[in-house]
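Oh and the sequence shown: position 31 is 38 in this note's numbering, straight run, nothing missing.
Beta carbons: idealized from backbone N, C-alpha and C, even for Gly.
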Amino acid sequence: MPFFKKPKTTEKILEQVKIFVDVLDRKPVPPGQMRDIFKKIAEEVSNIPLEKRDEIAEQIKRYFEERMEYYRRWQREEEKKIKDLLLKEIKYRKEIGAPIPPELVMRVKQIDMTIKIYRARAYAIENIQQQVLTTVREGQTTREIMKGLIAVNQTLMTYLEETGELMKEYEEVVGEAVETTSLDEIMKTYLPEEIPRIEREKEEAIKEDEKTLEELMETYLKGKKGKKEKD
8 MPFFKKPKTT
18 EKILEQVKIF
28 VDVLDRKPVP
38 PGQMRDIFKK
48 IAEEVSNIPL
58 EKRDEIAEQI
68 KRYFEERMEY
78 YRRWQREEEK
88 KIKDLLLKEI
98 KYRKEIGAPI
108 PPELVMRVKQ
118 IDMTIKIYRA
128 RAYAIENIQQ
138 QVLTTVREGQ
148 TTREIMKGLI
158 AVNQTLMTYL
168 EETGELMKEY
178 EEVVGEAVET
188 TSLDEIMKTY
198 LPEEIPRIER
208 EKEEAIKEDE
218 KTLEELMETY
228 LKGKKGKKEK
238 D
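As structure tokens, this is what we get:
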């Protein structure tokens, strides 16, 4: 029956890995659940020769690579969006001296935030992959599993903290546009004497937006700038 053992074992391990990654993608994974997943993986490979474990590890590695590529593909798509906006909309407006609408600045900030979130997720999955592959290849003991879990948990918590901060900032950026527009209209209606202050704050906000746009253009359009200088 050894002929049937390999695909069955590989399938079981992949199932555990997919559960782990799917849950991780939505919310924190409780330590107890992580412990159970790692134990099951270690138990599955405990009686398998090392060379067979390497074969299983390669299949699991391919799954992780596909998952990470999923985030990277989305990241590339968002980077294309931000470059198109910076090149075709904002840069053109700056060249002809046209005003840049606040909502356009807000859109660029949102895309930049989305890129950072995808990047953080891909980084977390990549780090967790190492712990899973080590478990498969070495057939860790309970103590070693716990060491791995601590490392995974640290990676996970870092990922959650970074993503949480990014999401919080993203929500503030999104809410800022709606809130500013609403308050401006209300104040113009009920507090007309405040209009000079509103206009002054708008000018300051525009200057801040211009500074932000310059930084984003420096980040995403480095190659384009060098090419233009050569031409």
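Problem set entry | For residue 134, three-class secondary structure by DSSP | helix
Exercise. In three-state terms, what does DSSP make of residue 223?
Worked result: helix
Exercise. Which class does residue 82 belong to by DSSP, given the choice of helix, strand or coil?
Worked result: helix
Exercise. Using CA coordinates, which residue listed in 15, 16 and 46 is at the minimum distance from residue 154?
Worked result: 46
Exercise. Going straight from the alpha carbon of residue 38 to that of residue 117, what length do you get?
Worked result: 33 Å
Exercise. Three-state secondary structure (DSSP) at residue 189?
Worked result: Residue placement at residue 189 is poorly supported in this model, since its pLDDT is 48, which falls under 50; the coordinates still yield a value, given next. In this structure, residue 189 counts as helix in the three-state DSSP scheme.
Exercise. Using the rule of at least 16 other Cβ atoms within 10 Å of the residue's Cβ for burial, across every protein chain shown, is residue 24 buried or exposed?
Worked result: buried
For this session: From the DSSP output, in three-state form, read off residue 37 for me.
Result: coil
For this session: Consult DSSP for residue 23 and reduce its assignment to one of helix, strand or coil.
Result: helix
Problem set entry | Counted within 10 angstroms of its Cβ, other Cβ atoms place residue 43 as buried (16 or more) or exposed | exposed
Problem set entry | Simplified DSSP state of residue 108, which is helix, strand or coil | coil
For this session: My understanding is that residue 78 touches residue 21, with C-beta atoms under 8 Å, so please give their C-beta distance in whole angstroms.
Result: With a Cβ gap of about 19 Å, residue 78 and residue 21 do not count as contacting.
For this session: Report buried or exposed for residue 99, applying the criterion of at least 16 other Cβ atoms within 10 angstroms of its Cβ.
Result: exposed
Problem set entry | Boundaries (first-last residue) of the alpha helix (DSSP H) holding residue 102 | 98-103
For this session: Report the three-state DSSP secondary structure of residue 122 (helix, strand or coil).
Result: helix
For this session: Measure from the alpha carbon of residue 120 to the alpha carbon of each residue in 26, 106, 110 and 89, then state which is nearest.
Result: 89
Exercise. CB-CB under 6 Å to residue 147, same chain, minus the five flanking residues each way: which ones, in chain order?
Worked result: 49
Exercise. Whose C-alpha, out of 223, 134 and 144, is nearest the C-alpha of residue 64?
Worked result: 144
Exercise. Using the C-alpha atoms, what's the distance from residue 132 back to residue 30?
Worked result: 12 Å
Exercise. For residue 15, which of 107, 59 and 28 has the nearest alpha-carbon?
Worked result: 59
For this session: Would you grab the beta carbon distance between residue 111 and residue 97 for me? Rounded to a whole angstrom, and I think it's under 8 Å.
Result: 7 Å
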